[in-house]
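Note that our numbering has the sequence shown beginning at 20, numbered continuously upward.
For glycine and all other residues, C-beta sits at the position ideal for the given N, C-alpha and C.
Given the structure is predicted, the values throughout are model-derived calculations rather than measurements.
Written out below as structure tokens is the structure these notes cover.
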Amino acid sequence: MKKATMILDRDFAIGLIDPRIYGSFIEHLGRAVYGGIYEPGHPTADENGFRRDVLHMVRELGVPVVRYPGGNFVSGFNWEDSVGPREMRPHRLDLAWSTTETNEVGLHEFVRWAKEANSQVMYAINLGTRGTDAAREVVEYANHKGGTRLSDLRVKNGAKEPLDIRLWCLGNEMDGPWQIGHKTAVEYGRTANEAAKVMKWVDPTIEVVACGSSARDMPTYGEWEYRMLDECYENIDYVSMHRYYGNRDNDTPAFLARSMDMECFIREVAAICDAVGAKKHSTKKLGLSFDEWNVWYHSNEQDQQLVKADRWGRALPLLEDVYNFEDALLVGSMLITFLRNADRLKMACMAQLVNVIAPIMTRTGGGVWAQTIYWPLMQASRFGRGTALRPVVESPVYSCKDFDAVPVLDATAVLGEDGAVTLFAVNRDLTEDVLLEVDMRAFGTLRPVEHSVLHHDDVKAVNTEAAPDTVKPMPGEPANIDNGRLTVRIPALSWNVIRLEKA
Ligand code: AHR
Numbered sequence: 020m021k022k023a024t025m026i027l028d029r030d031f032a033i034g035l036i037d038p039r040i041y042g043s044f045i046e047h048l049g050r051a052v053y054g055g056i057y058e059p060g061h062p063t064a065d066e067n068g069f070r071r072d073v074l075h076m077v078r079e080l081g082v083p084v085v086r087y088p089g090g091n092f093v094s095g096f097n098w099e100d101s102v103g104p105r106e107m108r109p110h111r112l113d114l115a116w117s118t119t120e121t122n123e124v125g126l127h128e129f130v131r132w133a134k135e136a137n138s139q140v141m142y143a144i145n146l147g148t149r150g151t152d153a154a155r156e157v158v159e160y161a162n163h164k165g166g167t168r169l170s171d172l173r174v175k176n177g178a179k180e181p182l183d184i185r186l187w188c189l190g191n192e193m194d195g196p197w198q199i200g201h202k203t204a205v206e207y208g209r210t211a212n213e214a215a216k217v218m219k220w221v222d223p224t225i226e227v228v229a230c231g232s233s234a235r236d237m238p239t240y241g242e243w244e245y246r247m248l249d250e251c252y253e254n255i256d257y258v259s260m261h262r263y264y265g266n267r268d269n270d271t272p273a274f275l276a277r278s279m280d281m282e283c284f285i286r287e288v289a290a291i292c293d294a295v296g297a298k299k300h301s302t303k304k305l306g307l308s309f310d311e312w313n314v315w316y317h318s319n320e321q322d323q324q325l326v327k328a329d330r331w332g333r334a335l336p337l338l339e340d341v342y343n344f345e346d347a348l349l350v351g352s353m354l355i356t357f358l359r360n361a362d363r364l365k366m367a368c369m370a371q372l373v374n375v376i377a378p379i380m381t382r383t384g385g386g387v388w389a390q391t392i393y394w395p396l397m398q399a400s401r402f403g404r405g406t407a408l409r410p411v412v413e414s415p416v417y418s419c420k421d422f423d424a425v426p427v428l429d430a431t432a433v434l435g436e437d438g439a440v441t442l443f444a445v446n447r448d449l450t451e452d453v454l455l456e457v458d459m460r461a462f463g464t465l466r467p468v469e470h471s472v473l474h475h476d477d478v479k480a481v482n483t484e485a486a487p488d489t490v491k492p493m494p495g496e497p498a499n500i501d502n503g504r505l506t507v508r509i510p511a512l513s514w515n516v517i518r519l520e521k522a
């Protein structure tokens, strides 16, 4: 058995964890909305057509913030189409996904749903085909109390009180040539600056997120951040980051090491933000919003066939990745990476929430079930709140095609407000368990209350509607603590949550 050690001290803290790092994302894409959260006529549908069974699972997941309505979709979207009487709302071609959008679910319906889900909305505006004018108008419609044409229109459309949207994304992936209205960094930076400026004139209490690069391997990455921030630094609050990984070469050790790429990405973008801040002699520190992240590759080929067969179809089952066990392990490591960067990372949205590259799957007219990746997100959201600790971890390493020294044990720890300590750990080794010894004498008397393990002998195992519990957390070998020294066995290829409470 391999060995790893960790030293924890309550005084060695990274910072307070912003619960919004456990956010998610719903785009008008595929069956995320229609057939996902919304399905009038489904046996569990409420009076507004939203599926109660899905809502229940979203609540269980614990999603403090939901990005909406896109994604690529938003760059061709007119927010006005999505408000007012449903029968008057236009059907439109969605050029981003080659489908037809009916606007049956719109701004008011989604805000109501998000409230029921205990989530706040992070609303993305269209900076692809639109600009400053639409940006200020939608903020006025949503957040102004009344007495103006747009705020009174909201009241007329059924919302007497403001929708109170606090978080706004300034467009989506504007660095990407695939984006409707793709821009250069300077063009985008200027547009984002003006939009942010007037949006905050309408409502000074909002926070806005500017688009960083859509991936770390974009040719413009780095330069994009620097140049666009040079244009909008003082008017924005966060920079977005997006990243998806896939195991296309079926190389599990390399796949599980991809969270190291994410770690580099976070540190690099933070450094660029600070470089621009320094150049401007600014005292302001920007936060990071990792508002699209996940594994995404399983469905790529199928999607091309679907669109070929039914171009302009409605609610096609697009991006329906069926996640396997190794995907859940990488998701676990990505969450650990977020915790390690809790001082800078203030928001993150797993992309996405239901059906579309999602932890929650539904069958239209049928059941709902948790994909493998549901579990690490759910457990991190539930137990990863409080202060992110800065552990000193010594682990054996391995090398893979991208990195020379990948820690076999990827682990971190969180101190809860009640004094409870939770360890999160992924063992990346394919065959060997790791005996983890943790020196946590600084915390006084703690008692282990749970060791939960997510493991399956087959890395390609998946959950389905018929077999939803194939991959799910199970009790692990109990941890032992003796005089503040904890020992616990971390099984080969596993995601672990080890919880200790004050004795
Ligand atoms: O989440 C799916 C898509 O991925 C989003 O629409 C886009 O922003 C990204 O490229």
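For the options 176, 160, 81, the alpha carbon positioned closest to that of residue 137 is the one of 81. Put simply, the backbone Cα of residue 154 is about 8 Å away from that of residue 217.
With respect to the 8 Å criterion, residue 46 and residue 371 are classified as neighbours on the basis of their beta carbons. With a 10 Å radius around the Cβ and a threshold of 16 neighbouring Cβ atoms, residue 104 comes out exposed.
Counting only the Cα atoms, residue 263 lies some 8 Å from residue 234.
Under the 10 Å beta carbon count, residue 152 is surrounded by fewer than 16 other beta carbons and is classified as exposed. Taking C-alpha positions only, residue 26 is separated from residue 519 by approximately 15 Å. Within the segment 104–146, the runs of alpha helix (DSSP H) that reach at least 4 residues and sit entirely inside it are, in chain order, 126–135. Of 199, 191, 198, 197, the smallest CA-CA separation from residue 211 is found for 191. Taken atom to atom, the span from the alpha-carbon of residue 373 to that of residue 338 is near 11 Å.
Judged by DSSP secondary structure, residue 311 falls within the beta strand (DSSP E) whose first and last residues are 306–314. Taking all protein chains shown into account, residue 112 has fewer than 16 neighbouring C-beta atoms within 10 Å of its C-beta and is therefore exposed. Within the same chain, and ignoring the five residues on either side of residue 127 in sequence, the residues whose Cβ sits closer than 7 Å to its Cβ are 102, 176, 177, 178.
Using a Cβ-Cβ distance cut-off of 8 Å, the segment 433–450 and the segment 298–308 are not in contact, since fewer than three pairs of beta carbons, one from each stretch, lie closer than that value.
Taken atom to atom, the span from the alpha-carbon of residue 448 to that of residue 272 is near 8 Å. With respect to residue 409, residue 32 sits close: the two C-beta atoms are nearer than 8 Å. DSSP places residue 80 in the uninterrupted alpha helix (DSSP H) bounded by 71–80. Rounded to whole angstroms, residue 309 and residue 476 show a C-alpha spacing of 31 Å.
As far as DSSP is concerned, residue 253 takes part in no beta bridge.
When the alpha-carbon of residue 395 is set against those of 491, 422, 462, the nearest one is in 491.
Beta bridge pairing from DSSP links residue 57 with 53, 69. With a contact defined as Cβ atoms closer than 8 Å, residue 285 and residue 241 miss out at about 14 Å. According to DSSP, residue pairing for residue 44 in a beta bridge involves 86, 370. Exclusion of the five residues before and after residue 379 leaves 76, 373 as the residues of its chain whose Cβ lies within less than 6 Å of its Cβ.
Judged by pairs of C-beta atoms under 8 Å, the segment 325–334 does not touch the segment 346–361, as fewer than three such pairs exist. In the three-state reduction of the DSSP assignment, residue 334 falls in the coil class, being assigned neither a helical nor a strand state. Residue 254 sits close to residue 215, with the two beta carbons spaced by under 8 Å. Annotation: residue 85 to residue 502 spans about 43 Å, alpha carbon to alpha carbon. Proximity of the beta carbon of residue 323 to ligand 1 is not indicated: no heavy atom of the ligand is located closer than 7 Å.
One Cα belongs to residue 100, the other to residue 40, and the distance between them is close to 30 Å.
Counting the other CB atoms within 10 Å of its CB gives residue 283 a total below 16, which places it among the exposed residues.
Annotation for residue 343: 391, 478, 479, 480, 481 place their beta carbon closer than 7 Å to its own, counting only its chain and skipping 5 residues before and after. Taking the Cβ of residue 338 as the reference point, at least one heavy atom of ligand 1 falls within a distance shorter than 7 Å. Residue 418 and residue 429 have their C-alpha atoms roughly 14 Å apart. If you check the CB distance, residue 23 and residue 453 come in under 8 Å.
Counting only residues of its own chain and dropping the five nearest sequence neighbours on each side, residue 416 has a CB closer than 7 Å to the CB of 424, 425, 426, 427.
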